[in-house]
Structures are given as C-alpha cells and as structure tokens.
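First comes the structure, then the notes that go with it.
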Amino acid sequence: MAIAIDFGTSNTVITRWNPVTQQPETINLPGLSIQQNLNPSLIPSLVYVEQATQDKVLVGQQVRDRGLDIKSDSRFFRSFKRGIGANIPGFLPELDGENITFEQVGTWFLTKIISELARTEGGLDSLVLTVPVDSFETYRYWLGNVCQALPVEQVRMLDEPTAAALGYGLAEQENLLVIDFGGGTLDLSLVCLDKNPQANIKPVGFLLKWGNKSLAEDSQQKVKTARVLAKSGQNLGGTDIDNWIVDYFAKTQKLPINSLTTRLAERLKIQLSTQDRASEFFFDNETFESYEMELNRKGLEELLKENGFFDRLHDAMMTLLQQARRQGIELNDINAVLLVGGSVQLHAVQTWVNQYFEPEKIRFERPFEAIAQGALQITQGMEIKDYLYHSYGVRYWDRRNQRHSWQPIVKAGQAYPMTQPVELVLGASVENQPSIELILGELGTDTGSTEVYFDGDRLITRNIKCLTTPVKPLNDKEGARKIAQLSPPGFPGSDRIKILFQVDDKCCLRITVEDLLTNDTLVENQLVAQLK
C-alpha cells in the first residue's frame, strides 16, 4: 500500500493510491480526522500529552473532542511543526519529569498516525512525506530519524510545492507556479512537467529509507519527470494571522491571550474567507464578562498591512521571479498558478495573486488535497529533478575581522547529481600537524534570518535582519570534524591535501581527500551529510 502524508502546521492530510482506479484518494481515520462532512478529510495537527514517560498522547480530533485545545495547559501543543529543528530560546515544558522538545511532540504525532494507518490498511509498503521548501537539514534529519523506526519498506521525501504541481494533474511541459500557503510557511515553486524522459530512469525523489525494491519498478506507467526551476520561501503562515487577530482584540478589548481566544481568532479568519464580516462570542470564566469579537475583511487587511504581511509576500514573489529570469522564464511564460494550503482561501491573498496573473491562469479548487495526492506520483513512476535550495560551505578564520566566517563550496541552485566535483586545496596551519579538520555548514540567505521564540504559551516566528549569514553546522561535533590523518605530519607553507566535493543522485554530500605529498587517497567518496 502506497501512502502520502502532508504534515501541516494546522492540518494534516493523508492519501493512498487506489490500484483499481489508478487514482489517489484521501483517507479518513476515525477518531483522528475531523468528524464532519468535510471534503477533504483533515486531521488537526494537535497533540495532548497524557503521560510523557509512557508515550501516552492524544492527537488530531481526539484533542478537540475532549475540549483540550481551548485550555491553557502545558500538555497541549499546537503549531509544533514550526519549532522542529529551530533553536528556541526560553523555557520548554517539563512533563512527568521529562524535558519535552518539539521534535518529540512531532514524533508522537506522526508515529501515532502512521501506526493507526498500518493497522487500518493492513501494513504499509511505501510512504512519501512532504516538506516545506525553506527548511534546514535539521528538520529533514529529524524526519529521517522518525522514518527509520517505522515498519515501512520505502520512505521518500518531496518538496510540498512540487507535490502540489503534480497533484493538480495539469498538462505536461507547462511552467506551473505553486503558491503553497499553509499554517506555518509560505512556499513558492516554479515547476515544469516533462513528457520525454530518458529511458530506464528510476524514480528516486529524495530517499530516506529504501527497501528491496521500488514499487514504481513494477508500474506499467511511463516515467515522467518534474523539474523545479525556481523556488523561494518565508516562515509566514495562517498561525501568524491568528496571533495578529488575537493581539488586536487584546489591545482593543483587553481580551486575554490564550488557547481559547486563539481558536476563536482562527474561526474568524476562516469565516472571512467566504464572507465579508465575521463574529465570535467569548466568555471570560475568570471575570464573568462576555465579549463579541467582530471583524470584517477591510479590518483584517489593515491588520495584515500593519504586520508587513504584503511586503513579505512581495519579497517572496520577487525572489522567485528573479530565479526564473535566470532560466529564461518571464512572468508571462508562467502558464498556470496553483494555490494550495488553507491560507490561500483568504480574500486578501487571492487579491494579491491577481495583481500578478490573469484570473484564468489561477487554480485554487484543491487547496488541501493537492500536495498529498501529488506526492503519490513518485510511487507510480515519477522522477523529480531538483536542485539545492541552500548553499553549503566550509568554516575558516577571517583574520581581518578576527572571527569565523564561511566560504561557499556548493552553491544554491546546483543541480544534482553533480557532473563535476568542486575542488578545495588546504595546507597545515601548525608544525607537526597530525590531522586536518574541516567544519561544513548549510548556509542560509544573507538578507535575514528567522527567530523562533515563546510569547506566553504561543510559539512565534519573525524575520530579523542580520549582518552575517545564518549557518546550520553539519559536522561540528566530536569525531566528525577530522577529515584526514597526515602521515608524515604536516607543516605550514605548502598545500597538503586536495578535497573533492560531490553531491550524488541521492542528494548526499560526499568527499574524496587526496594527500598531495604522498599521492595517497586518504578518504574516498565518504558521506558527510544528506542535503536538500
């Protein structure tokens, strides 16, 4: 059984491949999915920890059915996806004598869902998980670790916008712009679907776990390819809008900031997707006062402007279009615009998109299902041709500024597998140097970084300006920095080793190290890190 999971900040969607109809279909998990006549079926991305030491948790609709999502309780977690892989200052809760991390909460959530899937589906053969474009390796590394413990033969990872392009099932050889705007992230991706692939191409995607064979090897369908031409992302989502609405009512009506008012703010936002005015009733159990939370579309758009919402949308679009122009693609060359994610239902977002594109090019009829259903395509003979979203470099000592800095080695936009390795020559820095160490890192953009922090019980993200490039080290730990043992020892003043950097078809960064003094190969094709 082939399954795809779109793990979202607010909601999660699960689809399976129906071998009879040869079409994807959305799965409803009784007890975990929202029990309403909704199309599609959604699982709220919520966790309540009953007993941390015994891994006893409630997830999805189970949390709402017991009213645990509207209480201020340290055992309740929402929007936890945003904290996975992030360095969060401040206090993380201790439950039942254990320090709780967002990685642990995410693991509980996915493990319970997948365990329930395996039980109801009679086992899982192939699983595809989707990820935001603008995610560092720590998030993907965490996801890979979760998958290794699962009873699934094959696990793949795919960018959410690319999956959405496949999920809409549009004609091949078109330039498709996917605007994926969910609860936690805004991702833009320009994707081209090809119909003339090379023969005997195995559909690999981005592999996390590989069994004895690929299900796609048994498929009778022709292998197609999806090429990612440009992409950009922002840590901006519907959760931020909910928080801004809560802050507005806290300022104007002195409402408390808690789980209940946040939930009511989310309802207001959803109502304003289909109507011009919305209202919710709030009763304060402590003061016994009642309030009417009322907001119209114009008021919401003013809130969005005050918080720099449209500026950030514009920045993301400009970044993507600049990348597209380097590929020879102008705005008018984009054939269709696909809107996915709950936040694209906002009238303000659709109005913003209409500033760039004609209405007949814009599609938004499948905001929730497109990603999960499209992800299933790589289990049915679809190869993904992608490139690296981040740059990767080595750390060095900047003598002029008296601080460590980073030299890019493999730059963002590099297609993989690489046809030619990148070469770096190093020498010893001290007398009788026995070995050479090298710290590699994933380089973010130098225009700013994202700060993740707590405001009360809310997890907040915001963009901050920075003068240095944000970096996520890949091997800065004991035993991982050493790349070459020198025999005889090295001496300053001459080049000693040559390093060849290569990214293979599995998106793995590998190095080969040659000793220039002895002509020996010290390290050959050694894995350093799994990239994306």
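Each residue of the sequence shown is one higher than the last, beginning at 68 in this note's numbering. Note that CB positions come from ideal geometry on N, CA and C, so glycine has one too. What you are looking at is a predicted structure, and each value in this text was computed from that prediction instead of being measured.
Note to self: Using a 10 Å radius around the Cβ and a threshold of 16 neighbouring Cβ atoms, would you call F384 buried or exposed?
What the structure shows: In the sequence on display, residue 384 carries Met and not Phe. Counting every other CB atom within 10 Å of its CB across the protein chains shown gives M384 a total of 16 or more, marking it as buried.
Notebook entry, point to check: Where does K276 fall in DSSP's three states?
Noted result: Confidence at K276 is low in this model, with a pLDDT of 47, below 50, so the placement of that residue should be treated as unreliable; the coordinate-derived value is given next. Here K276 sits in strand by DSSP.
Notebook entry, point to check: Taking DSSP as the reference, what is the three-state secondary structure of E227?
Noted result: Helix.
Note to self: Considering just the uninterrupted stretch of the alpha helix (DSSP H) at M384, what are its terminal residues?
What the structure shows: Per DSSP, M384 belongs to the alpha helix (DSSP H) from 376-393.
Notebook entry, point to check: According to DSSP, is G176 helix, strand or coil?
Noted result: According to the sequence shown, residue 176 is Phe rather than Gly. Collapsing the DSSP output to three states places F176 in a helix.
Check: Nearest CA to the CA of Q487: which residue from S100, A230, V477?
Finding: Of the listed residues, the one whose Cα sits closest to Q487 is V477.
Check: Is it right to say G560 is buried, meaning 16 or more other beta carbons lie within 10 angstroms of its own, or is it exposed?
Finding: Classification for G560: exposed.
Checklist line | Rounded distance between the beta-carbons of Y208 and I151, thought under 8 angstroms | finding: Actually they are not in contact, since the Cβ atoms of I151 and Y208 sit about 10 angstroms apart, beyond 8 angstroms.
Notebook entry, point to check: Is the Cβ-Cβ distance between W473 and L505 less than 8 angstroms?
Noted result: Contact: no.
Next item on the list: Evaluate V222 with the Cβ neighbour count: other Cβ atoms within 10 Å of its Cβ, from every protein chain shown; 16 or more gives buried, anything less gives exposed.
Entry: That one is buried.
Next item on the list: Count the CB pairs spanning the region 309-329 and the region 389-404 that are closer than 8 angstroms, and state whether there are at least three.
Entry: Because the criterion of three Cβ pairs below 8 angstroms is not met, the region 309-329 and the region 389-404 do not touch.
Margin query: If contact is defined by three or more beta carbon pairs under 8 angstroms, each pair taking one atom from either stretch, is the region 454-470 in contact with the region 427-441?
Written below: These segments do not touch.
Notebook entry, point to check: Where does R149 land, buried or exposed, given buried means 16+ other C-beta within 10 angstroms?
Noted result: Under this definition R149 is a buried residue.
Notebook entry, point to check: Mapping DSSP to helix, strand and coil, what is T486?
Noted result: Per DSSP, reduced to three states, the secondary structure at T486 is coil, with no helix or strand assignment.
Next item on the list: List the endpoints of the continuous alpha helix (DSSP H) containing H601.
Entry: Outside the displayed span of the chain (68 to 599) sits residue 601, for which this structure offers no information.
Check: Taking just the CA atoms, how far does A69 sit from I94?
Finding: Inter-residue distance for I94 and A69 is about 12 angstroms (C-alpha atoms, whole angstroms).
Checklist line | E545 to E161 span [Cα, whole Å] | finding: In a straight line, the C-alpha of E545 is about 28 angstroms away from that of E161.
Check: By the 10 Å Cβ neighbour count, where 16 or more other Cβ atoms means buried, how is N592 classified, buried or exposed?
Finding: Around the beta carbon of N592, a 10 Å sphere encloses fewer than 16 other beta carbons of the protein chains shown; the residue is thus reported as exposed.
Check: Going by Cα to Cα distance, which pick from F176, Q569, P540 is closest to L491?
Finding: Of all alpha-carbon atoms in F176, Q569, P540, the one lying nearest the alpha-carbon of L491 is that of Q569.
Note to self: Here's a check: name, in chain order, each residue in its chain whose Cβ is nearer than 7 angstroms to the Cβ of L584, leaving out the five neighbours to either side.
What the structure shows: Excluding positions up to five away in sequence, the list reads R563.
Checklist line | Proximity winner among G408, L387, E227, relative to I337 (alpha-carbon distances) | finding: The shortest C-alpha separation from I337 is found at G408.
Margin query: Looking at the strands, I want to know which residues DSSP matches up with L257.
Written below: Note: L257 sits in a beta bridge opposite L244, A297.
Margin query: Once DSSP output is grouped into helix, strand and coil, what is the label at F348?
Written below: Of the three classes helix, strand and coil, the one that applies to F348 here is strand, per DSSP.
Margin query: Taking the alpha-carbon of Y115 as reference, which of S496, L135, P228, G236 has the nearest alpha-carbon?
Written below: Y115 has its Cα closest to that of L135, out of S496, L135, P228, G236.
Next item on the list: Enumerate in chain order the residues of its own chain whose CB-to-CB distance from N618 is below 6 angstroms, with the five nearest sequence positions on each side excluded.
Entry: No statement about residue 618 is possible, as the shown extent of the chain runs from 68 to 599 and does not include it.
Item checked: Range of the contiguous beta strand (DSSP E) that encloses Q500 -> Counted as a single uninterrupted DSSP element, the beta strand (DSSP E) harbouring Q500 occupies residues 500-504.
Next item on the list: Please name the residue in I72, G234, K138, L96 whose C-alpha comes closest to that of N325.
Entry: Checked all of I72, G234, K138, L96; the closest Cα to N325 is K138.
Notebook entry, point to check: Is the Cβ of E509 closer than 8 angstroms to any Cβ of chain D?
Noted result: In summary, chain D is missing from the structure at hand, where a single protein chain is found.
Check: Leaving out five residues before and five after L335 in sequence, what residues of the same chain have Cβ atoms less than 7 angstroms from its Cβ?
Finding: Only I312, A345, E347, M360, L362 meet the Cβ criterion.
Note to self: I'd like to know whether the C-beta atoms of G250 and T418 end up nearer to each other than 8 angstroms.
What the structure shows: Going by C-beta atoms, G250 is not nearer than 8 angstroms to T418.
Check: Could you check where the beta strand (DSSP E) with D73 kicks off and where it finishes?
Finding: 69-74 is the extent of the beta strand (DSSP E) around D73.
Checklist line | Burial state of N78, where buried means 16 or more other Cβ atoms lie within 10 Å | finding: Flag for N78 reads buried.
Check: Can you round the beta-carbon distance between V595 and V580 to whole angstroms, since I take them to be within the 8 angstroms contact cut?
Finding: Cβ-Cβ separation between V595 and V580: approximately 11 angstroms, too far for a contact (criterion under 8 angstroms).
Check: Quick one: is A266 buried, meaning 16 or more other Cβ sit within 10 Å of its Cβ, or exposed?
Finding: Only weak support is given to the placement of A266: the predicted model assigns it a pLDDT of 34, under 50, and the question is left unresolved by the model.
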